[in-house]
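J.:
Protein chains in written order, with the numbering used here: chain A, 56 to 574; chain B, 84 to 405; chain C, 3 to 332.
1. Compare the beta carbon distance of residue 292 of chain C and residue 111 of chain C with 8 Å and say whether it is the shorter of the two.
2. Give a yes or no on whether the C-beta atoms belonging to residue 245 of chain B and residue 315 of chain B are separated by under 8 Å.
3. Nearest chain C C-beta to residue 137 of chain A closer than 8 Å, yes or no?
4. Within the 8 Å Cβ cut-off, does residue 481 of chain A reach chain B?
5. For a contact defined as C-beta to C-beta under 7 Å, what are the partners of residue 354 of chain B on chain A?
6. Is it buried or exposed for residue 246 of chain C, if we count other Cβ within 10 angstroms and need 16 for buried?
7. Let me know if residue 325 of chain C comes out buried or exposed under the rule of 16 or more other beta-carbons within 10 Å of its beta-carbon.
8. Is the beta carbon of residue 115 of chain A less than 8 Å from the beta carbon of residue 69 of chain A?
9. Can a CB atom of chain C be found closer than 8 Å to the CB of residue 265 of chain A?
10. So if DSSP puts residue 106 of chain C in a beta bridge, which residue, or which two residues, is it bridged to?
11. Using a Cβ-Cβ cut-off of less than 8 Å, give me the residues of the region 291-303 of chain B that come near chain A, in sequence order.
12. Determine, for residue 131 of chain C, whether the minimum Cβ-Cβ distance to residues of chain B falls below 8 Å.
13. Does the region 168-176 of chain B touch the region 284-299 of chain C, meaning 3 or more C-beta pairs lie closer than 8 Å?
14. Which value, in whole angstroms, describes the spacing of the CA atoms of residue 93 of chain A and residue 398 of chain A?
15. How should residue 234 of chain A be labelled, buried or exposed, when 16 other C-beta atoms within 10 angstroms of its C-beta is the threshold for buried?
16. Is it the case that the CB of residue 110 of chain A approaches a heavy atom of the ligand PLP more closely than 7 Å?
17. With a threshold of 8 Å between beta carbons, is residue 202 of chain C in contact with chain A?
18. Measuring only between beta-carbons, confirm whether residue 348 of chain B sits less than 8 Å from chain A.
19. List, in order along the chain, the chain B residues whose C-beta lies closer than 8 Å to that of residue 274 of chain C?
20. Contact between the region 172-190 of chain A and the region 107-121 of chain A is defined here as three or more beta-carbon pairs at a separation below 8 Å; is this criterion met?
21. Could you list which residues in chain A have their beta carbon closer than 8 Å to that of residue 282 of chain B, in chain order?
22. Quick check: the region 50-68 of chain C against the region 174-181 of chain C, are at least 3 beta-carbon pairs closer than 8 Å?
23. Go through its chain and collect everything with a Cβ distance to residue 40 of chain B's Cβ below 7 Å, but skip five positions before and after it.
24. Touching or not, the region 274-286 of chain C and the region 187-203 of chain C, by the rule of three or more beta carbon pairs under 8 Å?
25. Note down, in chain order, all residues in the region 209-236 of chain C with a beta-carbon under 8 Å from any beta-carbon belonging to chain A.
26. Using the Cα positions of residue 55 of chain C and residue 252 of chain C, report the straight-line distance between them to the nearest angstrom.
27. Take residue 194 of chain A and list the residues in its own chain whose beta-carbon comes closer than 6 Å to its own, dropping the five residues that flank it on each side.
28. For residue 126 of chain A, does the three-state DSSP call read helix, strand or coil?
29. Hey, would you say residue 221 of chain C sits closer than 8 Å to residue 207 of chain C, going by beta carbons?
30. So, with DSSP's three-state summary, where would you put residue 172 of chain A?
31. Fully enclosed by the region 332-387 of chain B, which alpha helix (DSSP H) runs are 4 residues long or longer?
32. Classify residue 276 of chain B as helix, strand or coil using the three-state DSSP reduction.
33. Closest to residue 478 of chain A by CA distance: which of A/166, A/495, A/421 and A/222 is it?
34. Determine the chain C residues that contact residue 149 of chain A at a beta-carbon separation under 7 Å, and present them in chain order.
35. Assign residue 103 of chain B to one of two classes, buried (16 or more other C-beta atoms within 10 Å of its C-beta) or exposed (fewer than that).
36. Just the C-alpha distance for residue 531 of chain A and residue 241 of chain A, rounded to the nearest angstrom, thanks.
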């Protein structure tokens with residue numbers, strides 16, 4: 056922790072505000088040369104905002120960014136890249152139809168003396184690069200034809216070959232197989248030797264402990280810890296991320312008191328759901344009045360499982376039964392008819408229709424019921440909208456206000472209204488409290504509890520372990536698309552849940568997903 | 084940044100003006116141009132002229148109505164002119180049976196053409212420009228093949244009266260167009276189908292996840308567009324008193340797209356203004372008429388229209404940026 | 003991920019094989035079909051495989067060929083230039099109007115003027131973010147109008163100088179000059195596409211604009227250059243037609259945009275952008291004109307059949323492209 060050592064990248068007291076949200080609050084961050092620095096935090100803690108400020112996607116409202124001792128302010132990621140800060144994103148930013156070599160050298164293709172592209176040299180140098188970093192791929196093959204893990208490796212090689220001084224990696228292993236992760240770590244060690252500073256963002260704690268020296272923990276936009284990773288035991292790291300004291304985590308959570316086992320009959324039975332990448336043989340049962348939580352890290356397949364149950368994702372095999380009847384929905388329309396409802400995670404992209412009014416958004420799924428002879432019954436529609444706006448306390452200037460103008464919390468209530476007015480049997484919620492203010496969060500959570508009491512079956516995805524435990528009777532933990540654990544009753548507490556999510560002892564990355572028989 | 088508050092006042096006003104222009108501009112332009120003509124153009128203010136102009140506008144208007152629905156879903160239909168040509172080729176071929184049969188068969192062909200477009204967009208997953216480009220290229224040729232490239236003069240009085248009849252003094256085409264406009268307006272505002280169109284255009288994924296029949300809606304709007312183009316082609320054929328696939332509907336797609344866009348329906352979908360579309364179609368026609376009736380070369384009208392279209396889309400683009 | 007080892011591996015192998023087949027069809031398909039059609043025609047039609055007929059096909063194709071080169075660039079960026087036919091007409095009219103000032107001007111003025119128009123198209127599309135089909139469709143309408151206005155809707159006769167008409171009617175080593183110009187254009191186009199940084203950038207922009215931007219590719223400039231080239235080549239094509247006809251005809255080039263698109267798409271260039279070859283466009287172009295020639299020779303079919311056939315081809319080819327390039331849903 057010597058402050059005499061110069062940092063290659065430094066963020067000083069940066070604050071960044073978005074409408075309604077303080078994304079970064081006086082955040083300071085220091086990266087030294089030849090250092091691999093872990094950046095950790097839950098969803099919404101501010102990690103991606105910090106990266107975007109560093110790379111020039113956002114400009115800070117206060118504070119400075121220093122690169123190599125000089126203050127910098129990049130106007131775009133391209134500028135940051137040219138200055139020597141290279142970023143590897145979770146989405147693979149390659150041109151799919153072009154070859155590996157063409158992608159690696161995009162914008163800086165080697166030329167012959169005549170000024171024409173030297174394709175021979177490009178391929179040779181590309182092959183050399185791949186070999187240097189231990190990636191096996193045909194440099195002439197279109198990137199699209201490679202496995203997604205190899206694609207990510209090519210993207211990584213591209214980013215590191217730009218002679219950057221700082222490399223930021225955002226969830227780089229999300230698409231990689233075990234042996235590719237090893238290759239990545241070799242690349243990172245090589246970078247470290249070359250004097251490059253690496254910022255490593257990942258949910259996978261065992262990876263962090265293997266490759267990183269230092270760690271900065273963000274929570275709610277603030278830095279809550281910075282130090283050597285070796286001095287921070289796993290449990291303490293988790294506790295810091297969640298904002299709990301270690302002893303508290305070790306205790307059984309008091310909030311999770313005895314829940315009477317609701318003796319309802321099974322309302323949803325999903326068996327052996329398998330799709331292209333996720334889910335992989337997942338089975339979930341939900342009884343009337345039961346809330347089943349779905350937990351797991353980013354990329355564990357929770358959303359895919361939820362969508363598969365709802366018929367929004369093509370299934371290779373598996374069955375779905377509602378109230379004992381085989382429904383096997385192949386489209387959301389079919390799922391809705393059999394009594395399922397689904398609240399997507401990404402409200403903006405998949406949920407609300409922003410230009411349409413609150414009224415239109417609420418009745419979006421209920422239209423078949425409100426129509427007589429193809430015409431929408433104004434009376435029935437208005438009555439329904441009024442009823443649910445009141446029940447859910449949706450705050451809008453009027454039912455005609457475009458829903459895009461509402462706050463996140465009210466938008467979420469509109470989404471809930473859309474489903475509740477269908478009187479579903481099973482409600483599948485993907486991150487229902489994400490991106491909404493505390494007050495609305497409480498309302499939503501209360502509502503879910505009420506609905507369960509009234510006999511609805513609920514499947515809920517939530518990345519906050521505390522919220523999930525509070526709300527659920529049972530929690531199913533997924534990793535790599537498969538179920539690895541189920542917690543209920545007295546076993547359902549934060550330590551166990553976080554432990555199950557994070558995957559037991561720090562060890563090598565899983566060789567095979569299997570049934571998760573670890574520990 | 085300092086000075087932001089100072090400029091905020093000015094830019095707020097500008098934004099408000101631009102926004103108002105976007106929504107109401109077409110009505111203003113139409114009224115202004117009509118007033119101009121009433122004053123300066125001889126013979127404009129006669130009922131004969133006005134009714135004649137309204138009649139002339141009907142093919143474009145009908146096509147625009149169908150196109151508005153397609154654009155409402157976020158798509159586009161470049162083949163409307165070619166489909167009109169198909170109608171113009173089919174009608175003379177079946178007039179031998181009787182004119183209702185001829186019209187029905189023509190509409191059938193056109194509806195099927197539209198269904199083809201819809202199928203390519205909804206089920207094959209092609210982009211609408213690409214899907215309708217094929218008919219844009221091949222449709223007119225197909226029509227020509229049907230009639231061996233010959234112009235077919237029509238003397239069937241009952242059929243021709245589709246254009247010439249004027250119950251209560253109002254030309255029949257105008258009545259037809261007015262009825263269709265009202266119908267489409269009703270569909271958009273009051274029917275389930277109209278809701279679906281706006282939802283599919285507004286956020287297709289959200290519409291899908293709400294269980295709405297996205298594919299069916301897409302199939303339907305393109306079929307409707309084809310059908311309306313068929314009606315327009317039939318009327319144009321009656322006006323010409325001949326089936327002429329080489330001329331009927333030529334370049335009408337631009338006028339129709341212009342009418343829709345200028346009328347306030349964004350190309351990105353999610354909002355449809357039928358009243359605006361009607362005003363837009365009328366505006367396009369009055370522009371042409373202004374040139375013709377004042378003995379100015381019609382090619383200048385063409386150039387002006389092209390410029391207006393680009394301007395209208397540019398103004399509309401601003402909405403999304405904010 | 004590794005939990006579905008055998009499953010994932012088979013899927014990836016299948017994807018690779020599909021990729022290879024698709025790539026082969028896309029790059030060489032048109033050429034193969036062209037050779038097949040030529041062979042069949044040569045064997046079944048007496049008058050087909052003569053030097054005169056082949057040169058006839060090539061000559062007619064040469065004007066559209068110039069346009070197809072520019073159109074290939076534009077389509078690779080993911081757009082389409084619908085104004086090329088009208089620009090060709092404008093080019094012919096401008097040639098007719100400026101030939102009095104000397105033959106070089108009769109070639110330079112159309113190319114330059116239409117190139118500038120292409121530049122404006124590019125600016126509106128890349129910087130003002132207007133939809134390409136609106137801008138170029140407006141161009142189709144507006145520039146035809148301009149051609150008609152400038153020529154007074156009359157054909158402008160061109161009686162000389164012979165230096166100018168040579169470009170349309172002359173020969174070099176027995177080959178018509180327009181054919182040679184077309185071949186040169188395709189050769190240069192191929193060089194630019196495959197051997198320059200601009201070519202790489204073009205494919206990147208068409209393949210994934212976001213990824214291209216992040217890699218530092220000047221996306222706007224790439225698009226603008228493509229549309230400028232398309233405009234300039236269209237103007238030049240119009241001037242050559244005028245040289246060939248010895249007249250500046252304002253009605254020339256109707257439906258040429260569609261034929262150019264058809265030729266390029268048939269040649270394997272993806273209409274959605276990001277992939278294409280000059281050889282493919284040339285093959286598609288020649289295929290288009292060969293089919294027309296065959297239809298004319300057979301006599302029982304009208305030339306309108308060609309439009310239908312082209313439209314049908316387009317549907318099939320683009321449907322195949324859509325199917326083969328769709329993203330795998332996870």
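Just so you know, even glycine gets a beta-carbon here, dropped at the ideal spot from N, CA and C.
Being a predicted model, the structure only gives us computed values, none of them experimental.
T.: With the given structure in hand:
1. no
2. no
3. yes
4. no
5. 410
6. buried
7. exposed
8. yes
9. no
10. According to DSSP, which records beta bridges pairwise, residue 106 of chain C is partnered with nothing at all.
11. 291, 292, 293, 294, 295 and 296
12. yes
13. no
14. 33 Å
15. exposed
16. Ligands displayed in this structure: none; no statement on the ligand PLP is therefore possible.
17. yes
18. no
19. 210 and 213
20. no
21. 408, 411, 415 and 419
22. yes
23. Here chain B comprises residues numbered 84 to 405, so residue 40 of chain B is not present and cannot be evaluated.
24. yes
25. 209, 210, 212, 213, 214, 215, 216, 217, 218 and 219
26. 28 Å
27. 155, 156, 178, 181 and 182
28. strand
29. yes
30. strand
31. 335-345 and 357-376
32. helix
33. A/421
34. 213
35. exposed
36. 34 Å
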